[in-house]
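Peer 1: Here you go, one structure.
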Amino acid sequence: MCALVGLAVLALLAFPDGRAGPQWVCTADRVLDAPGGRYTQIRHAGADGVPWIVWNGVLDVSGLRTATCGDQACRTVSAARTVAAVGEPDPRYIRFEIDSSLPEPTPVILYGARNATQLRVTRCSDMRCRSAADGILHTDQKMRHFDFVVLNNTAAGTDIAAVVGSSNTSRGCVLDLVSASITAGSVRITAVAILNTTASPFVIDPTTNLPTGGLENPVLVASPGRRGVSLTVAYWHVPSASLIVLFDAGGASATPYVVAHG
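Count along the sequence shown starting at 1, add 72, and that's the number in my numbering.
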């Protein structure tokens, strides 16, 4: 557990000689929560690009916590607030995106719940998350490797695609592509496609502290395709020590490529 959640505002200095890498200096450092958790995400929201921050609270301020910067440089930050619709006191492995196509940008948050045995999704009604729809997206013995993209966002609801690595000691690990529709009142799963499986679950070697099994750290990217949106997934296949990229994930022409090994 961290002692606090803080926001460090960085400024980029000019290249000193045209060849050296950029230099960054911290221009401000602000405490958002004390104590605070360790799962933190930040995204830019709206046409003005104001940063929006989400993290896991602990102890007396447990739950899903958020704050919003007052401007792009984060010279001021709102008071931290808890998303009341989320009843989980210990959200983990947080991922979130913001759709800025609406007059009021809408945050969508994925997180592990119930000791990471559930993957839940929250769609806020506005940037302050004064109300939200919250529901289960996936369940298993261990849910900690996932990523998602917003496919369509309207005032009525949000469509998302998520790549989810779930683990079970009896059947191993499964990498699923899950499509869901989120409205003010419900989370509805619209499709599930299995992308890969392994006989070994998530396993950490106690001597080396390195993983020896499972499908880990998936990344999902959406891009325009010939038939609408095309999804690309990258992930680690731990048993073979391979980084795999899967194009047209969930589609008829899905093609995996090993891009790194060892």
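No residue lacks a Cβ here, since even glycine has one placed at the ideal position from N, Cα and C.
Tell me whether Gly109 is buried or exposed, calling it buried when 16 or more other Cβ atoms sit within 10 Å of its Cβ.
Peer 2: Buried: at least 16 other Cβ atoms inside 10 Å.
Peer 1: What residue does the beta strand (DSSP E) around Arg192 start on, and which one ends it?
Peer 2: It spans Gln190 to Cys196 - the beta strand (DSSP E) in which Arg192 sits, taken as one unbroken run.
Peer 1: Expressed to the nearest angstrom, what Euclidean distance is found between the alpha-carbon atoms of Met73 and Val221?
Peer 2: Its pLDDT being 36, under 50, Met73 is placed unreliably in this model, and the coordinates cannot settle the point.
Peer 1: So, is Asn240 buried or exposed, given that buried needs 16 or more other C-beta atoms within 10 angstroms?
Peer 2: Label assigned to Asn240: exposed.
Peer 1: Distance check for Ile166 and Asn22, CA to CA, integer angstroms please.
Peer 2: Here the chain covers residues 73 to 334 and nothing more, so residue 22 does not appear.
Peer 1: Taking Pro107 as the reference, give the member of Val275, Ser242 and Asp132 with the closest Cα.
Peer 2: Asp132
Peer 1: Between the alpha carbons of Leu267 and Val330, how many angstroms are there, rounded?
Peer 2: 14 Å
Peer 1: What are the boundary residues of the beta strand (DSSP E) that Tyr329 is part of?
Peer 2: Thr327 to His333
Peer 1: Are Ala340 and Ile125 closer than 7 Å when you measure CB to CB?
Peer 2: Since the first residue shown for the chain is 73 and the last is 334, residue 340 is missing from the structure and cannot be characterised.
Peer 1: Drop a sphere of 10 angstroms on the beta-carbon of Val291, count the other beta-carbons inside from all chains shown, and report buried for 16 or more, exposed for fewer.
Peer 2: exposed
Peer 1: By DSSP, does Leu84 sit in helix, in strand, or in coil?
Peer 2: Below a pLDDT of 50, predicted positions are generally treated as unreliable, and Leu84, at 48, falls in that range; no measurement from the model is reported.
Peer 1: Using a 10 Å radius around the Cβ and a threshold of 16 neighbouring Cβ atoms, would you call Leu84 buried or exposed?
Peer 2: No answer about Leu84 holds up, because its pLDDT of 48 lies below 50 and its placement is not dependable.
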